[in-house]
Amino acid sequence: MYGHLKEADPAVYAIMRRELARQREGAELIPSENLVSLPVLEALGSVFTNKYSEGYPKKRYYGGNEFIDQSEELAIERAKQLFGAEHVNVQPLSGSPANMAAYFALMERGDKLMGLKLDHGGHLTHGHPVNFSGKYYTIVPYEVDPTTERLNYDAIEALAMKERPKVLLAGFTAYPRDIDYKRFREIADRCGAYLMADISHTAGLIAGKQLMNPVPYCDVVTTTTHKTLRGPRGAMILCRQQHAQAIDKAVFPGLQGGPHENVIAAKAVAFAEALKPEFQAYAKQVIANAKALGEALTARGVRLVTGGTDTHLLLADVRPFRITGKAAESALDKAGIYVNKNTIPYDPEKPFVTSGIRMGTPTLTTRGMKEGEMKVLGGLIVDVLENAENGERLKGIREQVLALCKRFPIYSEIQLS
Ligand SMILES: *Cc1c(COP(=O)(O)O)cnc(C)c1O
70 MYGHLKEADP AVYAIMRREL ARQREGAELI PSENLVSLPV LEALGSVFTN
120 KYSEGYPKKR YYGGNEFIDQ SEELAIERAK QLFGAEHVNV QPLSGSPANM
170 AAYFALMERG DKLMGLKLDH GGHLTHGHPV NFSGKYYTIV PYEVDPTTER
220 LNYDAIEALA MKERPKVLLA GFTAYPRDID YKRFREIADR CGAYLMADIS
270 HTAGLIAGKQ LMNPVPYCDV VTTTTHKTLR GPRGAMILCR QQHAQAIDKA
320 VFPGLQGGPH ENVIAAKAVA FAEALKPEFQ AYAKQVIANA KALGEALTAR
370 GVRLVTGGTD THLLLADVRP FRITGKAAES ALDKAGIYVN KNTIPYDPEK
420 PFVTSGIRMG TPTLTTRGMK EGEMKVLGGL IVDVLENAEN GERLKGIREQ
470 VLALCKRFPI YSEIQLS
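Counting in my numbering, the sequence shown runs from 70 upward without gaps.
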């Protein structure tokens, strides 16, 4: 693999080699990341990238799409089976454009969108003022409960009844608990809103049957394919038949041009992997690992937002260590532990500083790590938080992280030299 690249473009090859080494040698705890399989990687790097195929299977604006159609239809069929969806569009290039297309399909400019605030665990595309969603729509932000730090469905209902949004959005990027989509549906029905879920983070745990599936309750569900679902970087939209035409039109020609058919082929491959029983075991282990990591952190004085997790994700308040989220991220980086700084609910710090870090277990679980390794890693994380200014100590922890990672090799079939 990659011999041609090495010869033709040694500069890009050398950078790629260093990135592979970084992935091998570090503890990747960013909850929105994962490691794709070699079959997914092969489909991504395939001749499907050469083709223009604007339109949809059997309704294309270009000739020569016989096999592209077969591949895209396979991706759609597998996604439908995975989530029990009536209709699926696999063309969205990423999570943000998928949300944009869903809004285009369900709302007019200026309509009310009710979503969780970014600094409480929502996503930029859920109505933040710097994002198109906050500029094009009238935003009704909801918050988590100040005491429990969890969703308060009664408060959400009261706000929804007062504001009557066109779209009620159940979507989360830094919220560690499972979601009651049935309750969200009741609220949407009562206030006359469309219910949309954005399951970008938890799609793999839902496909792996460990968390509640929102598809039966929602008008539209968007998700990325590259997070817990362990597919290529991209997204898809699942919806009820009644919205099928509007969704497809919003994606193309509403928003995008030619779909990335190499990515769509890779999505098909990843969906087939997720349909296997082993994937359910994977999803289960992801959650078990997150709980084990959470317990190890809590035992050493870390405060977890909501007190723990039901998912792959942990949000830690690092103020007990007299350190900001930004400083924690940077110190952990030096120790080869990758996390991201993140606001916690009602965070007194600015979004670029924050009081928290966000962690998740999808990548390390893909590597084969289990509860025992999470316990070790939890201890190392706290060692870093306690010694964030001590360069020598961080170097020592880096060695321990490296030794741990070496026991769980990745991509051993790929040799870059
Ligand atoms: C990651 C994420 C997105 C955006 O996905 P991109 O592929 O980065 O555009 C949207 N919504 C949620 C909830 C996410 O977690």
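Cβ coordinates follow ideal geometry from the N, Cα and C atoms, glycine included.
First through last residue of the alpha helix (DSSP H) which encompasses residue i
i	result
Ala350	346-368
Asn158	Element bounds for Asn158: not the alpha helix (DSSP H) but the beta strand (DSSP E), 156-158.
Thr434	431-435
Leu446	440-455
Val470	460-475
Leu110	107-113
Leu274	272-276
Tyr263	Note, Tyr263: premise wrong, no alpha helix (DSSP H); beta strand (DSSP E) at 263-267.
Ala315	313-320
Ala397	394-403
Ile225	222-232
Test item: CB-CB of residue i and residue j under 7 Å
i	j	result
Leu117	Ala334	This sequence places Phe at residue 117; Leu is not what is there. Yes. Within cutoff.
Leu373	Leu362	no
Asp317	Asn158	yes
Val411	Ala167	The identity of residue 411 in the sequence shown is Asn, whereas the question assumes Val. Taking 7 Å as the Cβ cut-off, Asn411 and Ala167 do not qualify as a contacting pair.
Leu228	Tyr211	yes
Arg254	Leu264	yes
Lys336	Ala170	no
Glu97	Thr432	yes
Leu491	Ala404	Coverage of the chain is limited to positions 70 through 486, which leaves residue 491 absent and any answer about it impossible.
Ala352	Leu401	no
Glu218	Ile256	no
Leu193	Asp247	no
Gly196	Leu182	yes
Ala343	Ala276	yes
Thr435	Leu104	yes
Leu298	Val284	no
Gly327	Glu123	yes
Ile426	Val408	yes
Tyr206	Asp188	no
Ile137	Lys120	yes
Val209	Pro234	yes
Helix, strand or coil at residue i according to DSSP, with G and I counted as helix
i	result
Gly124	strand
Arg91	helix
Cys287	coil
Asp249	coil
Lys181	strand
Ile413	coil
Arg372	strand
Met176	coil
Tyr71	coil
Gly132	coil
Ala304	strand
Leu498	For residue 498 there is no data in the structure shown, the boundaries of the chain being 70 and 486.
Gly203	helix
Gly164	helix
Tyr244	coil
Boundaries (first-last residue) of the beta strand (DSSP E) holding residue i
i	result
Ala239	236-240
Ile208	207-211
Asp188	Asp188 -> no beta strand (DSSP E), and no H or E assigned at all.
Met281	Met281 -> no beta strand (DSSP E), and no H or E assigned at all.
Gly385	For the record, residue 385 in the displayed sequence is Ala; it is not Gly. Where Ala385 is concerned, the enclosing beta strand (DSSP E) stretches over 382-386.
Within the structure, which residues are defined as neighbours of ligand 1 by a Cβ-heavy atom distance below 5 Å, reported in chain order? Ser163, Gly164, Ser165, His192, Gly240, Thr242, Asp267, Ser269, His270, Thr293
Taking contact to mean at least 3 C-beta pairs separated by less than 8 Å, is the region 77-87 in contact with the region 419-432? no
With a threshold of 8 Å, are at least 3 pairs of Cβ atoms found where one atom belongs to the region 363-371 and the other to the region 287-301? no
When you compare the region 337-347 with the region 127-147, are there three or more beta-carbon pairs, one atom per stretch, that lie closer than 8 Å? yes
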